[in-house]
Every structure is written in C-alpha cells, then in structure tokens.
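**Q**
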Amino acid sequence: MSNNTKNFEVPIDEQRVVRASVDEPMNPTSRSKVIVFIPGFKGFKDWGGWPWFCGELAKAGHRVHRLNPSMCGVGPSLDSFDEPERFARQTLGHDVEDLETFLLRPEVDSDEVILLGHSRGGIVAALTAAASSQVAGVITMGTPDALLRLSDEEIEEWQSRGKREIVNARTGEVLYQHLAVLEDYLDQEDIYNAPKALAKAAVPVLAIHGEADPSVESSCATRLLEDVDSDLARKVLIAGAGHTFGMVHPFSDPSPHAEQVLEVITDWLQEKWPR
Numbered sequence: 003m004s005n006n007t008k009n010f011e012v013p014i015d016e017q018r019v020v021r022a023s024v025d026e027p028m029n030p031t032s033r034s035k036v037i038v039f040i041p042g043f044k045g046f047k048d049w050g051g052w053p054w055f056c057g058e059l060a061k062a063g064h065r066v067h068r069l070n071p072s073m074c075g076v077g078p079s080l081d082s083f084d085e086p087e088r089f090a091r092q093t094l095g096h097d098v099e100d101l102e103t104f105l106l107r108p109e110v111d112s113d114e115v116i117l118l119g120h121s122r123g124g125i126v127a128a129l130t131a132a133a134s135s136q137v138a139g140v141i142t143m144g145t146p147d148a149l150l151r152l153s154d155e156e157i158e159e160w161q162s163r164g165k166r167e168i169v170n171a172r173t174g175e176v177l178y179q180h181l182a183v184l185e186d187y188l189d190q191e192d193i194y195n196a197p198k199a200l201a202k203a204a205v206p207v208l209a210i211h212g213e214a215d216p217s218v219e220s221s222c223a224t225r226l227l228e229d230v231d232s233d234l235a236r237k238v239l240i241a242g243a244g245h246t247f248g249m250v251h252p253f254s255d256p257s258p259h260a261e262q263v264l265e266v267i268t269d270w271l272q273e274k275w276p277r
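So in the working numbering, spot 241 of the sequence shown is number 243, and the numbers just go up one at a time.
1. Between the Cα of Leu152 and the Cα atoms of Lys237, Gln272 and Leu188, which residue gives the shortest distance?
2. In the DSSP assignment, what residue or residues form a beta bridge with Leu161?
3. Which complete beta strand (DSSP E) runs does the region 8-37 hold, if anything under 3 residues is left out?
4. Using the Cα positions of Glu114 and Ser162, report the straight-line distance between them to the nearest angstrom.
5. For a test of the three-state rule: what should DSSP assign to Ile193, helix, strand or coil?
6. Determine the burial state of Glu58: buried for a count of at least 16 other Cβ atoms within 10 Å of its Cβ, exposed for fewer.
7. Comparing C-alpha positions only, which one of Ser134, Val250, Pro78 and Glu16 sits nearest to Ala285?
8. Do the region 160-179 and the region 47-61 make contact, defined as three or more Cβ pairs closer than 8 Å?
9. Grab the span of the beta strand (DSSP E) containing Gly212 for me, first residue to last.
10. The alpha helix (DSSP H) with Gln179 in it runs from where to where?
11. Starting from Leu118, trace the beta strand (DSSP E) both ways and give me its first and last residue.
12. Could you pull the start and end residues of the alpha helix (DSSP H) that Ala60 belongs to?
13. For His259, report the span of its beta strand (DSSP E) as first-last.
14. When DSSP labels each residue in this structure, what does Phe43 get in the three-state scheme?
15. Excluding five sequence neighbours on each side, which residues of the same chain lie with their C-beta closer than 8 Å to the C-beta of Thr268?
16. What number of angstroms, rounded off, separates the C-alpha of Pro169 from the C-alpha of Val230?
17. Below 8 Å, can you find three or more Cβ-Cβ pairs linking the region 14-28 to the region 196-213?
18. Between the Cα of His67 and those of Phe43, Arg277, Met73 and Leu101, spot the shortest distance and give me the residue it belongs to.
19. When burial is assigned at 16 or more other CB atoms within 10 Å of the CB, is Met28 buried or exposed?
20. Starting from the Cα of Ala148, find the closest Cα among Phe253, Ala243, Thr224 and Asp48 and give me that residue.
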C-alpha cells in the first residue's frame, strides 16, 4: 500500500455498496493510466499482497483502484466474511453492475480505464469491457475461461441440496452459495461467456497465468484469447507460479513471481500506451 492510499464507498442501491481503495501515482503524467483491480472468488481488495501489488503499480505512475464487489461477503470489517448472506447470493451480474457503476464515478474520472482482474475478477473485467466504451484494455491473472467448472455430479448435488458448501482452506470457515447462483449462471451462460466478451470488446488483452496453477489450469489463458484479434492478444505464462503468484494471506514479503507479473504488466502498459 502506498502513502497516497484513500478509501471510499460507492453505493449501488439501497442495499449494496462497493468498498474501494485508490492508490494515487507518485509521478503522474498525462499518459498515466487508470487501473481498476477486481479480486477473485473468495478474494477481497485487502487480501494478502494485493495492497502491495497495486501500490507498486501506482509507484510506476498509474492511479490504481481496487474494490470489493458489493456481494463478495467482505463488509465493513474489510478483512473477513462478515456478510456471508451476501456471498451466498453473489452472481456475475451483481459484479458487472458494480463495476459498470464504479467506472462512472467521479473518483475514476477517465475514459481510458484498464481493468485488471484476478481469477473470477478477470471474467468480470471481460464482461464489463464488452459493455463499456470506457475500457481501453483488460489484464487477466489466473482467470478461467468459464466460471462454472463443476462435474455433473457436483451440479446435481447443488441442485438437490439447494446450496453449495464452500470451505475456506486457510481458516476452516464454511460459507454457502444458494441455488439461485447456479440457476443464474445456467440461465445466462451465453451472456457470461468471457472469450466472446473479450473478442467483442476489441481492446488489447494481456492474459497472465501461472504454469503451476493448481486451481485454474494454464490452458485457460489460451482459451480466453481464442476469439481475440491476434494483434490485440498476448499470453504470458509465469514458470513455476501458482494461482496467487506466490502471494499469501496475511501478507509477508513480495514474491518473485508477483514481481515478475508486475514487470510484465508495466512493460505491456508502456508498449501499448507509451508515456
């Protein structure tokens, strides 16, 4: 986290609020980019190394917003799932609405935004890019090409039980997803198609993936880009890296893999939008 970090909230409706932080650039120029970071499933803006990671991008000269989607389950505490009932009902539709609303806020103040999404957050970035002319580019990190990656048996169990159990491996905390989340995805599977959304967006896309990712196989990066114009698409695999590129929660020290990702991102931004 940089010394120029500010926290603020964006209301979505009477029941929902996006909690956000912004790291201001240390040496901004007229070509500095506005980056919006979207965390993944069970992730949040203050998880592990994300404040450090986004702070490093700010040091490179960019204004970096990171946000907690309104239904992510992490509420006023900012570091625990103190709103589990929201987590249980979170859909991609909620997340995209959050991001579209966020981009229109005066705090963003840019018509050339770069969306940076980790894991599920990359899908949210893709879907939003297809719908918003404000988005100038998309960066995905460890992002699957499809959200629903369950077996038929797992789907049937979810349907029969009416909910799906989600265990936090670090804390042992048990969370749930309601059946409505599954039904929403199945009803809108075509709309929630990340590869097609990225192709429709027609903006530069950088897909970064750890070669040793145990959660989302690295071939997903290839499938994410399969419909994107070759002049706009770039895939970078980080040798030996896992799903969070060596970052853990709570944060300890910067990881070499995450530092490599930062170098890839800053070089790509400089290439696409020279400063």
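Here a beta-carbon is modelled for each residue, glycine too, at the ideal position from N, C-alpha and C. Quick caveat, the model's predicted, so the values are computed rather than measured.
**A** Straight from the coordinates:
1. By one-based count along the sequence shown, residue 152 stands at place 150. When C-alpha distances from Leu152 are compared across Lys237, Gln272 and Leu188, the shortest belongs to Leu188.
2. Here the question's residue 161 lines up with position 159 in the sequence shown. For clarity, residue 161 is Gln in the given sequence; the question names Leu instead. Answer is none; Gln161 lacks a bridge partner.
3. Inside the region 8-37, DSSP marks whole beta strand (DSSP E) runs of 3 or more residues at positions 19-25, from first to last along the chain.
4. Position 112 of the sequence shown, counting from 1, holds the residue named residue 114. Position 160 of the sequence shown, counting from 1, holds the residue named residue 162. Each residue's alpha carbon lies about 45 Å from the other.
5. As a working mapping, residue 193 is identified with position 191 in the sequence shown. In this structure, Ile193 counts as coil in the three-state DSSP scheme.
6. The residue you call residue 58 lines up with position 56 of the sequence shown. By the Cβ-count criterion, Glu58 is buried, with 16 or more other Cβ atoms from all chains shown falling within 10 Å of its own Cβ.
7. It is not possible to answer for residue 285, since the shown part of the chain is limited to 3 through 277.
8. Contact between the region 160-179 and the region 47-61 is not established, with fewer than three Cβ pairs separated by less than 8 Å.
9. Position 210 of the sequence shown, counting from 1, holds the residue named residue 212. Here the beta strand (DSSP E) through Gly212 covers Val207 to Gly212.
10. The residue you call residue 179 lines up with position 177 of the sequence shown. Careful: Gln179 lies outside any alpha helix (DSSP H), inside the beta strand (DSSP E) at Val176 to His180.
11. In the sequence shown, the residue the question calls residue 118 occupies position 116. Taken as a continuous stretch (DSSP letters only), the beta strand (DSSP E) holding Leu118 covers Val115 to His120.
12. Position 58 of the sequence shown, counted from the start, is the residue given in the question as residue 60. Here the alpha helix (DSSP H) through Ala60 covers Trp52 to Lys61.
13. Locating residue 259 in the sequence shown gives position 257, counting from the first residue. DSSP places His259 in no beta strand (DSSP E) but in the uninterrupted alpha helix (DSSP H) bounded by Pro258 to Lys274.
14. Here residue 43 is taken as the residue at index 41 of the sequence shown, counted from 1. Collapsing the DSSP output to three states places Phe43 in coil.
15. Position 266 of the sequence shown holds residue 268. Take Thr268, set aside five residues on each side of it, and the residues of its chain with a beta-carbon closer than 8 Å to its own are Leu59 and Ala62, in chain order.
16. If you number the sequence shown from 1, residue 169 lands on position 167. If you number the sequence shown from 1, residue 230 lands on position 228. Sequence check: residue 169 is Val here, not Pro. Inter-residue distance for Val169 and Val230 is about 35 Å (C-alpha atoms, whole angstroms).
17. No: the two stretches stay apart, fewer than three of their Cβ pairs being nearer than 8 Å.
18. Mapped onto the sequence shown, residue 67 falls at position 65. The residue from Phe43, Arg277, Met73 and Leu101 with its alpha-carbon nearest to that of His67 is Leu101.
19. The residue given as residue 28 occupies position 26 in the sequence shown. By the 10 Å Cβ count, Met28 comes out exposed.
20. Along the sequence shown, one-based indexing puts residue 148 at 146. Ranking Phe253, Ala243, Thr224 and Asp48 by Cα distance to Ala148 puts Thr224 first.
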